Every structure is written in structure tokens, then in C-alpha cells.
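> Below is one structure. I have some questions about it.
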Amino acid sequence: MHPQLETCIQKVDEFMAAYPTISQYDRLSEVEKKTGYPKAYFFTAGAILLTALISAVGGMKLISDLIGFLYPAYMSFKAIESSETVDDTQWLTYWVVFAKFSILESVAGFLVEWIPFYYVIKILFFTWLFHPKFMGAAMVYKQIKPMVLQYLKVVEKEKPQKKEE
């Protein structure tokens, strides 16, 4: 077997071992024993098949929406359960930027067809927003914060005051 293939199999196996429930590590270990082929092959084939199925059902839009939603939603649930507030701020910021982008995408949807590799760019953008190394959502939020605060001040002024009894 080629050394690079062995390295790749080892990395996939390490990933599967880190997430045994999601990757069905125990079941694939049994399949590996029965067939003699590495469980990484079956896991990779399953991941490719699942991606192809999702792509066939909803196309690249569904794939990009799932990437922009699933991991951040998972991390948001973890942040809610943790006692730290730093992660809460990160994920609240991400969702503000995500919502702003989603609205912009809905309004300017006709542009999607004109931009080559739009969904690949969208996936990279969302990954940059939530990836722990970059935390791009905070940078984007700093840019849109003045616009949002301006409207919040207007809303707060016009909000009906509570009557004292």
C-alpha cells in the first residue's frame, strides 16, 4: 500500500475514533474484520454517498446551508450549556452575521446565478466565520454594528413605555 494512502487511512481512522457514535466506529470495525478492508474505506464511501444524495436532493444550496447551520447550531447548544460567556458571544455574533447574510442572499438571489462558484465561496465564507482559528464573525460584526445600532436606537425611542400602576 502507498505510504500516502496509509497516512490518509490513519487520519480518517483517528477522526472516526474521536467521534465513534457519529462514525459508527464499532459497526465499521466489525465490517473491517469480516471483509479485510480498512473501515476508513467504508466510512469515506458512506460520506461520499451521503454528500451525493444531499446534492441530488437539494443541490449545492442545501449543502452550503447545512454547512452554515449544523456545526454552528451544535456549538451554540454547547455554548448555552457552558458557564463561559466568551463562546456565547462568538455564537450570538455568528448568528447575527448569518441572518444578515441570509436576508441579503434572499433579496439579491438573482445575483447567485451570475457569480461563478457562488456556493463554494459561500461555504468558504461561512467556514471562515465560525472556524476557531479565524473567528471571522466578530470581524464582520464590527463592520455591520454601526448600522444595526443606529436602528436599535430608533426602535428603543419608539418603544411604548410601560404604564405604572
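Okay, so the sequence shown: first residue is -1 according to this note's numbering, each after it adds one. No residue lacks a Cβ here, since even glycine has one placed at the ideal position from N, Cα and C. Every value quoted in this text rests on a predicted model; they were computed, and no experiment measured them.
Taking T5 as the reference, give the member of D63, E103, P36 with the closest Cα.
Within the sequence shown, the letter at position 7 stands for residue 5. Looking at the Cα atoms, P36 is the closest of the given residues.
> Could you round the C-beta distance between I46 and S53 to whole angstroms and report it? I think they count as a contact, below 8 angstroms.
The sequence position of residue 46 within the sequence shown is 48, counting from 1. The sequence position of residue 53 within the sequence shown is 55, counting from 1. Not really, about 10 angstroms apart at Cβ, beyond 8 angstroms.
> Is P70 near Y92, with beta carbons less than 8 angstroms apart?
One-based indexing of the sequence shown puts residue 70 at position 72. One-based indexing of the sequence shown puts residue 92 at position 94. Yes. Within cutoff.
> Which class does P114 belong to by DSSP, given the choice of helix, strand or coil?
The sequence position of residue 114 within the sequence shown is 116, counting from 1. Three-state DSSP puts P114 in coil, outside helix and strand.
> With 16 as the cutoff for other CB atoms within 10 Å, does K120 come out buried or exposed?
Indexing the sequence shown from 1 puts residue 120 at position 122. Burial is judged here by how many other beta carbons sit within 10 angstroms of a residue's own beta carbon; K120 has at least 16 and is buried.
> Excluding five sequence neighbours on each side, which residues of the same chain lie with their C-beta closer than 6 angstroms to the C-beta of A135?
On the sequence shown, position 137 is the one that residue 135 refers to. Same-chain partners within the cutoff: T91, Y92, V95, L127.
> Taking all protein chains shown into account, decide if A15 is buried (16 or more other Cβ within 10 angstroms of its Cβ) or exposed.
As a position in the sequence shown, residue 15 is number 17, starting the count at 1. When all chains shown are included, A15 counts as exposed.
> Using three-state DSSP, classify M137 as helix, strand or coil.
What you label residue 137 is simply residue 139 of the sequence shown in a count that begins at 1. Residue state, collapsed to three classes: helix.
> Are there 16 or more other CB atoms within 10 angstroms of the CB of F75, so buried, or fewer, so exposed?
Along the sequence shown, one-based indexing puts residue 75 at 77. Per the 10 Å Cβ criterion, exposed.
> Would you call L26 buried or exposed, if buried means 16 or more other Cβ atoms sit within 10 Å of its Cβ?
One-based indexing of the sequence shown puts residue 26 at position 28. Buried, because 16 or more other Cβ atoms sit within 10 Å of the Cβ of L26.
> Is it the case that the Cβ atoms of T33 and V10 are separated by a distance below 8 angstroms?
One-based indexing of the sequence shown puts residue 33 at position 35. One-based indexing of the sequence shown puts residue 10 at position 12. Not closer than 8 angstroms, so no.
> Roughly how many angstroms separate the alpha carbons of K59 and M137, rounded to a whole number?
Sequence index remark: in the sequence shown, residue 59 carries index 61 (1-based). Sequence index remark: in the sequence shown, residue 137 carries index 139 (1-based). Here the C-alpha atom of K59 lies approximately 25 angstroms from the C-alpha atom of M137.
> Which one of Q8, K98, F67 has the shortest CA to CA distance from K143?
Position 145 of the sequence shown holds residue 143. Considering only alpha carbons, the answer is K98.
> Cα separation between L102 and Q2?
Mapped onto the sequence shown, residue 102 falls at position 104. Mapped onto the sequence shown, residue 2 falls at position 4. So the two alpha carbons sit approximately 43 angstroms from each other.
> Is the distance from the Cβ of G57 to the Cβ of F124 below 8 angstroms?
Position 59 of the sequence shown, counted from the start, is the residue given in the question as residue 57. Position 126 of the sequence shown, counted from the start, is the residue given in the question as residue 124. No, they are not a contact pair.
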